[in-house]
Amino acid sequence: MLDLVRYDFLLVVVGFSGLAFLVMRASKHRLPYPPGPKSFPVVGNLFSMPSQEEWVTYGKWAEELGSDIVHADVMGSHIIILNSIKAANELLEKRSSNYCDRPPLVVIKDLFGMDYNIGLLRYGTAWRHSRREFQANMGPADLEAYQPLGKQAVHRLLRNLLASPDKFAQHLRHMAGQVILSVAYGIDVLPENDPYVADAENVLRAITISTTKEALLLDFIPWLIKMPNWLPGARYKRYAREWCPIVASAVTTTYDKVKRELAAGTATPSVAAKLISKLDDDSTEEDLWVARTVPASMYLGGTDTTVSALETFILAMTLYPEVQRKAQTEIDRVVGNSRLPDFSDQDALPYVQAVLKEVLRWHPVLPLGAPRRAIASDIYEGYCIPAGSTIIPNAWGMMRDPAVFPEPDRFHPERWLSPDAPTFPNLAFGFGARQCPGRFLARASTWSNIAGILAAFDITPTKEGPPEEAYMSGVISFVKPFRCNILPRSAVAASLVRATESEG
Numbered sequence: 000m001l002d003l004v005r006y007d008f009l010l011v012v013v014g015f016s017g018l019a020f021l022v023m024r025a026s027k028h029r030l031p032y033p034p035g036p037k038s039f040p041v042v043g044n045l046f047s048m049p050s051q052e053e054w055v056t057y058g059k060w061a062e063e064l065g066s067d068i069v070h071a072d073v074m075g076s077h078i079i080i081l082n083s084i085k086a087a088n089e090l091l092e093k094r095s096s097n098y099c100d101r102p103p104l105v106v107i108k109d110l111f112g113m114d115y116n117i118g119l120l121r122y123g124t125a126w127r128h129s130r131r132e133f134q135a136n137m138g139p140a141d142l143e144a145y146q147p148l149g150k151q152a153v154h155r156l157l158r159n160l161l162a163s164p165d166k167f168a169q170h171l172r173h174m175a176g177q178v179i180l181s182v183a184y185g186i187d188v189l190p191e192n193d194p195y196v197a198d199a200e201n202v203l204r205a206i207t208i209s210t211t212k213e214a215l216l217l218d219f220i221p222w223l224i225k226m227p228n229w230l231p232g233a234r235y236k237r238y239a240r241e242w243c244p245i246v247a248s249a250v251t252t253t254y255d256k257v258k259r260e261l262a263a264g265t266a267t268p269s270v271a272a273k274l275i276s277k278l279d280d281d282s283t284e285e286d287l288w289v290a291r292t293v294p295a296s297m298y299l300g301g302t303d304t305t306v307s308a309l310e311t312f313i314l315a316m317t318l319y320p321e322v323q324r325k326a327q328t329e330i331d332r333v334v335g336n337s338r339l340p341d342f343s344d345q346d347a348l349p350y351v352q353a354v355l356k357e358v359l360r361w362h363p364v365l366p367l368g369a370p371r372r373a374i375a376s377d378i379y380e381g382y383c384i385p386a387g388s389t390i391i392p393n394a395w396g397m398m399r400d401p402a403v404f405p406e407p408d409r410f411h412p413e414r415w416l417s418p419d420a421p422t423f424p425n426l427a428f429g430f431g432a433r434q435c436p437g438r439f440l441a442r443a444s445t446w447s448n449i450a451g452i453l454a455a456f457d458i459t460p461t462k463e464g465p466p467e468e469a470y471m472s473g474v475i476s477f478v479k480p481f482r483c484n485i486l487p488r489s490a491v492a493a494s495l496v497r498a499t500e501s502e503g
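Position 410 of the sequence shown, counting from 1, maps to 409 under numbering that gives the first Met the number 0, and the rest follow consecutively.
This is the structure:
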């Protein structure tokens, strides 16, 4: 637990926070907080907060306490963890207006310069404006226009897997970058070593650094960032000096490219081109900001989630060969062996649809969702949720609830095909007004890649045996690196993949 929180950091925090803690604790509240793990004076649950696979620990707390809602105290600040679909639906869906806000997220937004990301914005006019433009360009009605781009990206992925299957993680990243860069900026990425895909990789590394446990704890003690650089909590200012220019460059380079192309009359249709073209002399500063940040949110927020889901899919197929065979049998029956599947086959392939839903359930891309902030005090089942509380929806815990998903640890797509199947397949994309606005394209892209891979390849363990089901901690959780065999199902399948070369 202390691998991410240094003793010197904790000492500084405790020293500066003690007085503030005692003052806050002096206030009275009539209703109890939800149950939580044992806390201590001043620090509260600071030493109890997990730093690895947090979602598992939060689920255990809920089980041990017999409560689907758990309270933790970090030096007087409140954290409310939701561990059931019922609690999340009641608070984040039915009472969405009170939980639309985000915590400050001072490190990733203020220091690392990721305030452009719609998903991180505080509730207000800028968020509403950005979300409106995002949804206007990424809704269900827009999918048909993006299908040719998605098909081309899937086929390039299949060719790359045929050529170098051991580099499947690298190929997945390239595919995701190809789709989103084309949609957001009209950029056709290079077959390999593309600089824009590399920029997205760099931003992912910045996100990883700026969302460690220690970084997120600074939300509760933001004044520590303003302290002298020699103090341990202030070291994120040093990190920011390295990473903030990289993040800014990734946003600016793509935007400026589209502006130049529009001026020259050579711009390819894209979300950025559409938004920039709407700007005129009457445009406000917010209009200019939205035109820059909406495509940036797509570009730098839409690649990693797709990659994470597809890595989980490949891991699941390695561990559950019977599921793979059943999905391939359905594809063979519906599509045949004279072509590869495409998005138009989706409704005719219900088992492949169920595989996608199970991928998103088995290990959610964001296992802890995205944190919310309670705007006003609230009451849930007799418990007090104070204003300003950080709300953590434990999506992983919800997806592993045996009362809703029997045998939750098993990868079992059939659960989605039964008459009493769960009715919330979009749970992985969040709740209420803060639900991921790019979910329609994300689902379509992930499904198309799953169907294409299943049609063309067999995924099996290496001779060393099946890989471990293990994930890295982070806001976006990725499978720990693993090896598997990805081989063409037949000579016919290999030839179908090679035949797509003419697409570019």
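For every residue, glycine included, the Cβ atom is placed at its ideal position computed from N, Cα and C.
Quiz item: Nearest-angstrom Cα distance between Arg155 and Ser489?
Solution: Sequence index remark: in the sequence shown, residue 155 carries index 156 (1-based). Sequence index remark: in the sequence shown, residue 489 carries index 490 (1-based). Going from the Cα of Arg155 to the Cα of Ser489 covers about 19 Å.
Quiz item: Do you know offhand how far Arg158's Cα is from Glu310's?
Solution: As a position in the sequence shown, residue 158 is number 159, starting the count at 1. As a position in the sequence shown, residue 310 is number 311, starting the count at 1. Cα-Cα distance, rounded: 17 Å.
Quiz item: Quick one: complete alpha helix (DSSP H) runs, 4+ long, within the region 383–423?
Solution: 394–398
Quiz prompt | First and last residue of the uninterrupted beta strand (DSSP E) at Ile78 | solution = On the sequence shown, residue 78 is found 79 positions in, with the first residue counted as 1. Segment 76–81, the beta strand (DSSP E) holding Ile78.
Quiz item: Which one of Thr304, Tyr115, Pro49, Tyr122 has the shortest CA to CA distance from Ile374?
Solution: The residue given as residue 374 occupies position 375 in the sequence shown. The residue with the shortest Cα to Cα distance from Ile374 is Tyr122.
Self-check item: Contacting residues, own chain, Cβ-Cβ under 8 Å from Leu367 (five flanking each side not counted)
Solution: Mapped onto the sequence shown, residue 367 falls at position 368. So the qualifying residues of the chain are Glu53, Trp54, Tyr57, Ile391, Pro392, Asn393, Ala394, Trp395, Val474.
Self-check item: Rounded straight-line distance, which links the Cα of Gln434 to that of Arg291
Solution: Locating residue 291 in the sequence shown gives position 292, where the first residue counts as 1. Locating residue 434 in the sequence shown gives position 435, where the first residue counts as 1. So the alpha carbons of these two residues sit roughly 21 Å apart.
Exercise. Measure the CB-CB distance between Ile378 and Leu30 and report whether it falls below 8 Å.
Key: Here residue 378 is taken as the residue at index 379 of the sequence shown, counted from 1. Here residue 30 is taken as the residue at index 31 of the sequence shown, counted from 1. With respect to the 8 Å criterion, Ile378 and Leu30 are classified as neighbours on the basis of their beta carbons.
Exercise. Buried or exposed for Phe477, please, with buried defined as at least 16 other CB atoms from any protein chain shown within 10 angstroms of its CB.
Key: Residue mapping note: residue 477 aligns to position 478 of the sequence shown, counting from 1. Buried, because 16 or more other Cβ atoms sit within 10 Å of the Cβ of Phe477.
Practice problem: Drop a sphere of 10 angstroms on the beta-carbon of Glu413, count the other beta-carbons inside from all chains shown, and report buried for 16 or more, exposed for fewer. | Solution: On the sequence shown, residue 413 is found 414 positions in, with the first residue counted as 1. When all chains shown are included, Glu413 counts as exposed.
Practice problem: Would you mind sorting Ser501 into buried or exposed? The rule is 16 or more other CB atoms within 10 Å of its CB. | Solution: Taking the first residue of the sequence shown as position 1, residue 501 is located at position 502. Ser501 should be labelled exposed.
Practice problem: Take the Cβ of Val358 as the centre, count every other Cβ of all protein chains shown within 10 Å, and call the residue buried at 16 or more, exposed below. | Solution: Position 359 of the sequence shown holds residue 358. Buried: at least 16 other Cβ atoms inside 10 Å.
Quiz item: Roughly how many angstroms separate the alpha carbons of Glu265 and Pro147, rounded to a whole number?
Solution: Residue 265 sits at position 266 when you count from the first residue of the sequence shown. Residue 147 sits at position 148 when you count from the first residue of the sequence shown. Inspection of the sequence shows that residue 265 is occupied by Thr rather than by Glu. For Thr265 and Pro147, the distance between alpha carbons rounds to 20 Å.
Self-check item: Validate contact between the region 195–214 and the region 240–252 using beta carbons, cut 8 Å, 3 pairs
Solution: yes
Practice problem: In angstroms with no decimal places, state the Cα-to-Cα distance between Ser276 and Leu171. | Solution: On the sequence shown, position 277 is the one that residue 276 refers to. On the sequence shown, position 172 is the one that residue 171 refers to. Here the C-alpha atom of Ser276 lies approximately 32 Å from the C-alpha atom of Leu171.
Quiz item: Who pairs with Thr265 in a beta bridge, going by DSSP?
Solution: Position 266 of the sequence shown, counting from 1, holds the residue named residue 265. According to DSSP, Thr265 bridges with nothing at all.
Quiz item: CB-CB under 6 Å to Asp457, same chain, minus the five flanking residues each way: which ones, in chain order?
Solution: Translated into positions along the sequence shown, residue 457 becomes position 458. Excluding sequence neighbours, Asp457 sits near Leu486, Arg488.
Practice problem: Evaluate Val491 with the Cβ neighbour count: other Cβ atoms within 10 Å of its Cβ, from every protein chain shown; 16 or more gives buried, anything less gives exposed. | Solution: The residue given as residue 491 occupies position 492 in the sequence shown. Classification of Val491: exposed, given that the 10 Å Cβ count is below 16.
Self-check item: Under 8 Å between C-beta atoms of Pro294 and Tyr184
Solution: On the sequence shown, position 295 is the one that residue 294 refers to. On the sequence shown, position 185 is the one that residue 184 refers to. Yes.
Practice problem: Between the Cα of Ala498 and those of Ser50, Leu161, Met174, spot the shortest distance and give me the residue it belongs to. | Solution: In the sequence shown, the residue the question calls residue 498 occupies position 499. Per the Cα distances, Leu161.
Quiz prompt | Asn336 versus Gln327: straight-line alpha-carbon distance, rounded | solution = In the sequence shown, counting from the first residue as 1, residue 336 sits at position 337. In the sequence shown, counting from the first residue as 1, residue 327 sits at position 328. Taking the straight line joining both Cα atoms gives about 11 Å.
Quiz item: Since Arg371 sits in a beta bridge, which residues does DSSP pair it with?
Solution: For the purposes of this step, residue 371 is identified with residue 372 of the sequence shown, where counting begins at 1. According to DSSP, Arg371 bridges with Ile390.
Quiz item: Does DSSP put Ser494 in a helix, a strand or coil?
Solution: Walking along the sequence shown from the start, residue 494 turns up at place 495. In this structure, Ser494 counts as helix in the three-state DSSP scheme.
Practice problem: Look at Pro385 and His77 and say whether their C-beta atoms are less than 8 Å apart. | Solution: Counted from its first residue, the sequence shown places residue 385 at position 386. Counted from its first residue, the sequence shown places residue 77 at position 78. Yes. Within cutoff.
Quiz item: For Asn136, does the three-state DSSP call read helix, strand or coil?
Solution: Locating residue 136 in the sequence shown gives position 137, where the first residue counts as 1. In this structure, Asn136 counts as helix in the three-state DSSP scheme.
Practice problem: Kindly indicate which three-state DSSP category His362 falls into: helix, strand or coil? | Solution: Taking the first residue of the sequence shown as 1, we reach residue 362 at position 363. In the structure shown, His362 sits in coil (DSSP, three-state: anything other than H, G, I, E or B).
Quiz prompt | Beta-carbon proximity check, Lys93 vs Asp67, cutoff 8 Å | solution = By one-based count along the sequence shown, residue 93 stands at place 94. By one-based count along the sequence shown, residue 67 stands at place 68. Contact: no.
Self-check item: Exposure label - Asn97; buried when at least 16 CB within 10 Å
Solution: The sequence position of residue 97 within the sequence shown is 98, counting from 1. With 16 or more other Cβ atoms within 10 Å, it is buried.
Quiz item: What residue from Tyr350, Lys356, Phe342 has the CA that sits closest to Ser447's CA?
Solution: On the sequence shown, position 448 is the one that residue 447 refers to. Of the candidates Tyr350, Lys356, Phe342, the one whose C-alpha sits nearest the C-alpha of Ser447 is Phe342.
Quiz item: If you draw a straight line from the alpha carbon of Met0 to that of His128, how long is it in whole angstroms?
Solution: Against the sequence shown, residue 0 aligns to sequence position 1. Against the sequence shown, residue 128 aligns to sequence position 129. Low confidence applies to Met0: its pLDDT is 40, below 50, so where it sits in the model is not reliable, and the reading given next is rough at best. Roughly 40 Å separates the two Cα atoms.
Practice problem: Quick one: which unbroken alpha helix (DSSP H) runs of 4-plus residues sit fully inside the region 141–197? Chain order, please. | Solution: The region 141–197 contains these whole alpha helix (DSSP H) runs: 142–162, 167–184.
Quiz prompt | Beta carbon of Ala239 nearer than 8 Å to that of Leu120 | solution = Translated into positions along the sequence shown, residue 239 becomes position 240. Translated into positions along the sequence shown, residue 120 becomes position 121. No. Outside cutoff.
Self-check item: For Phe39: DSSP bridge partner residues
Solution: Working through the sequence shown from its first residue, we reach residue 39 at position 40. Answer is Gly43.
Exercise. Determine the contact status of Pro349 and Leu416, defining contact as a CB-CB distance below 8 Å.
Key: Within the sequence shown, the letter at position 350 stands for residue 349. Within the sequence shown, the letter at position 417 stands for residue 416. Closer than 8 Å, so yes.
Quiz item: When the distance is taken between beta carbons, is Ala87 closer than 8 Å to Phe430?
Solution: Sequence index remark: in the sequence shown, residue 430 carries index 431 (1-based). Sequence index remark: in the sequence shown, residue 87 carries index 88 (1-based). Yes, they are a contact pair.
Quiz item: Counting only beta-carbon atoms, is Ile80 nearer than 8 Å to chain D?
Solution: No chain D appears in the structure shown, which is made up of a single protein chain.
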